[in-house]
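Going by the numbering used here, the sequence shown runs without a break in its numbering and finishes at 299.
Written out below as structure tokens is the structure these notes cover.
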Amino acid sequence: MIFAAIDIGSNAVRLLFCHVHEQKGKAIFKKGELIRLPIRLGDDSFLKKEISAPKAEKLVTAMRGFKELIKVFDVIAYKACATSAMRDAVNGSEIIERIKKETGIEVELLDGKTEADTIFSNHVEEMLDLKQAYLYIDVGGGSTELTLISAGKVLASKSFNVGTIRMLYDRVEKEEWENYKQWIKKNTAGIKPLSAIGSGGNINKLYKMSGKKESKHLSYEKIKDMHDMLSSYTYEERITVLGLNPDRADVIIPATKIFLTAMKHADIDKIIVPQIGLSDGIVHLLYEEYKKKVNVLSS
1 MIFAAIDIGS NAVRLLFCHV HEQKGKAIFK KGELIRLPIR LGDDSFLKKE
51 ISAPKAEKLV TAMRGFKELI KVFDVIAYKA CATSAMRDAV NGSEIIERIK
101 KETGIEVELL DGKTEADTIF SNHVEEMLDL KQAYLYIDVG GGSTELTLIS
151 AGKVLASKSF NVGTIRMLYD RVEKEEWENY KQWIKKNTAG IKPLSAIGSG
201 GNINKLYKMS GKKESKHLSY EKIKDMHDML SSYTYEERIT VLGLNPDRAD
251 VIIPATKIFL TAMKHADIDK IIVPQIGLSD GIVHLLYEEY KKKVNVLSS
């Protein structure tokens with residue numbers, strides 16, 4: 001079975017095809033093809049509060065292409081979700097209507113809490129040690145979603161308008177940044193042992209750049225060293241010398257700052273990088289909806 005997820009983010013727009021195999025009553029999720037387009041809606045949304053006509057046109061064209069690919073892959077079901085940039089843009093709803101009219105794709109505009117819940121729907125808690133607690137940190141271009149997990153259950157969850165593109169353009173409100181730090185400090189106080197779980201394109205890239213293969217985690221010190229190393233290069237050098245994509249070379253530094261700040265205020269010394277995110281959460285929800293329908297029909 002193949003399911004597809006469309007994530008209309010502030011930095012990039014993604015289409016993920018995921019193969020789901022059932023073995024002995026258990027679902028095994030295997031990522032297939034991923035198409036990533038760096039349309040960067042956040043450039044417009046966070047600076048001008050409105051998505052420009054050229055970017056809107058690119059987005060609609062991308063959705064048209066995605067719809068054709070979804071037909072080719074014969075997916076069981078698909079879902080499209082938009083996040084922070086579309087939430088902030090005054091013409092976000094208008095563009096969503098246009099996408100529906102011109103491509104037939106219905107885009108769900110997620111609020112911060114629903115975004116956090118969807119990301120957590122990838123059932124990452126099944127991979128964790130129930131004796132430990134975890135702070136799940138998903139860093140995007142427009143927002144960061146935090147989820148505190150203990151004994152496999154969610155204790156607290158919150159979304160903050162703290163994102164890499166916002167930070168790049170100095171559009172993170174001082175009060176929001178302070179709230180981000182204080183929420184972490186307050187909600188993680190006295191919780192030990194505590195580890196972090198990181199998701200989003202930037203932490204995945206940091207993990208790949210670290211060259212680590214024996215474990216799926218990075219230490220606080222390692223991320224700090226990588227932040228200092230990346231900061232020592234110019235934007236152009238990060239592309240030409242380090243081989244980063246242009247739309248990754250500028251946001252990866254603010255991303256490391258967001259992760260380091262969370263880890264510092266929660267007194268966390270390591271972050272697990274399972275390389276999952278919103279698209280994976282969407283796929284899990286689609287599979288669960290599919291199973292419910294199958295069970296209803298068979299009963």
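For each residue, glycine too, the CB sits at the ideal point set by N, CA and C.
Nonlocal neighbours in the same chain, by C-beta distance under 8 Å from residue i, ignoring five residues either side
| i | result |
| --- | --- |
| Ile-51 | Leu-41, Asp-44, Ser-45, Leu-59, Ala-85, Met-86, Ala-89, Asn-91, Gly-92, Ile-95 |
| Glu-289 | Ala-77 |
| Ser-231 | Ile-253 |
| Lys-55 | Ile-39, Arg-40, Leu-41, Asp-43, Asp-44 |
| Val-75 | Ile-2, Phe-3, Ala-4, Phe-17 |
Cβ-Cβ distance between residue i and residue j below 7 Å
| i | j | result |
| --- | --- | --- |
| Thr-256 | His-284 | no |
| Gly-142 | Ser-10 | yes |
| Ala-133 | Leu-194 | yes |
| His-19 | Lys-26 | no |
| Arg-14 | Arg-36 | yes |
| Val-251 | Thr-144 | no |
| His-265 | Lys-186 | no |
| Ala-5 | Ser-279 | yes |
| Ala-196 | Leu-135 | yes |
Straight-line gap, residue i to residue j (C-alpha atoms, nearest Å)
| i | j | result |
| --- | --- | --- |
| Glu-221 | Phe-259 | 12 Å |
| Lys-67 | Lys-192 | 46 Å |
| Leu-47 | Glu-173 | 13 Å |
| Gln-275 | Ser-157 | 20 Å |
| Lys-71 | Leu-168 | 37 Å |
| Met-263 | Glu-22 | 37 Å |
| Phe-73 | Leu-155 | 38 Å |
| Ser-294 | Lys-79 | It should be pointed out that residue 294 corresponds to Val in this sequence rather than to Ser. Cα to Cα, Val-294 sits roughly 18 Å from Lys-79. |
| Val-273 | Pro-38 | 22 Å |
| Ile-28 | Leu-16 | 16 Å |
| Glu-57 | Ile-99 | 10 Å |
| Thr-188 | Leu-146 | 11 Å |
| Ile-223 | Glu-102 | 43 Å |
| Met-1 | Leu-69 | 16 Å |
| Ala-213 | Ile-184 | In the sequence under discussion, the amino acid at residue 213 is Lys, which differs from the Ala named in the question. One C-alpha to the other measures close to 29 Å. |
| Glu-97 | Val-296 | 32 Å |
| Tyr-287 | Val-241 | 42 Å |
| Val-124 | Gly-211 | 23 Å |
| Lys-24 | Lys-292 | 18 Å |
Residue from the options whose Cα sits closest to the Cα of residue i
| i | options | result |
| --- | --- | --- |
| Lys-113 | Ser-232, Leu-130, Gln-132, Asp-138 | Asp-138 |
| Arg-171 | Pro-254, Gln-182, Lys-216 | Pro-254 |
| Thr-61 | Val-75, Gly-140, Ile-105, Cys-18 | Ile-105 |
| Ile-330 | Gly-65, Glu-33, Cys-81, Phe-17 | In the structure as shown, the chain begins at 1 and stops at 299. Residue 330 is therefore absent and cannot be evaluated. |
| Lys-131 | Thr-261, Glu-289, Gly-152, Ile-6 | Gly-152 |
| Glu-33 | Met-263, Phe-3, Leu-244, Asn-295 | Phe-3 |
| Asp-267 | Gly-190, Thr-240, Ser-232, Ser-210 | Gly-190 |
| Met-209 | Val-124, Ile-28, Arg-248, Thr-261 | Arg-248 |
| Ser-159 | Leu-110, Ala-116, Glu-236 | Ala-116 |
| Leu-244 | Asn-204, Val-273, Gly-277, Ile-272 | Asn-204 |
| Arg-166 | Gly-140, Glu-175, Glu-237 | Gly-140 |
| Ala-12 | Ile-119, Lys-292, Asn-202 | Asn-202 |
| Lys-234 | Gly-200, Pro-246, Lys-213 | Inspection of the sequence shows that residue 234 is occupied by Thr rather than by Lys. The candidate whose alpha carbon is nearest that of Thr-234 is Pro-246. |
| Ile-271 | Tyr-207, Lys-24, Glu-102, Leu-69 | Tyr-207 |
| Lys-216 | Leu-128, Trp-183, Glu-237, Glu-178 | Leu-128 |
| Leu-109 | Glu-237, Thr-83, Glu-97 | Thr-83 |
| Thr-261 | Lys-24, Asn-179, Val-124, Gly-211 | Asn-179 |
Reduced DSSP category for residue i - H, G, I as helix; E, B as strand; rest coil
| i | result |
| --- | --- |
| Ala-62 | helix |
| Ala-249 | helix |
| Val-139 | strand |
| Ile-6 | strand |
| Gln-182 | helix |
| Ser-84 | helix |
| Ile-191 | coil |
| Ile-105 | coil |
| Val-154 | strand |
| Ala-12 | coil |
Residues near residue i in its chain [Cβ-Cβ closer than 6 Å; skip 5 each side]
| i | result |
| --- | --- |
| Ser-121 | Gly-281, His-284, Leu-285 |
| Ser-150 | Ala-133 |
| Lys-49 | Val-90 |
Beta-carbon proximity list for residue i, same chain, < 7 Å, skipping 5 on both sides
| i | result |
| --- | --- |
| Ser-298 | none |
| Glu-176 | Phe-160, Asn-161, Val-162 |
| Gly-277 | Ile-119, Asp-138, Ser-199, Gly-200 |
| Arg-238 | Leu-230, Leu-244, Ala-249 |
| Asp-269 | Ser-219, Tyr-220 |
Residue i at chain D interface by Cβ criterion, 7 Å
| i | result |
| --- | --- |
| Ile-258 | This model lacks chain D altogether; it includes just one protein chain. |
Closer than 6 Å: residue i CB and nearest the ligand HEM heavy atom
| i | result |
| --- | --- |
| Leu-230 | You won't find the ligand HEM in this model; it holds no ligand whatsoever. |
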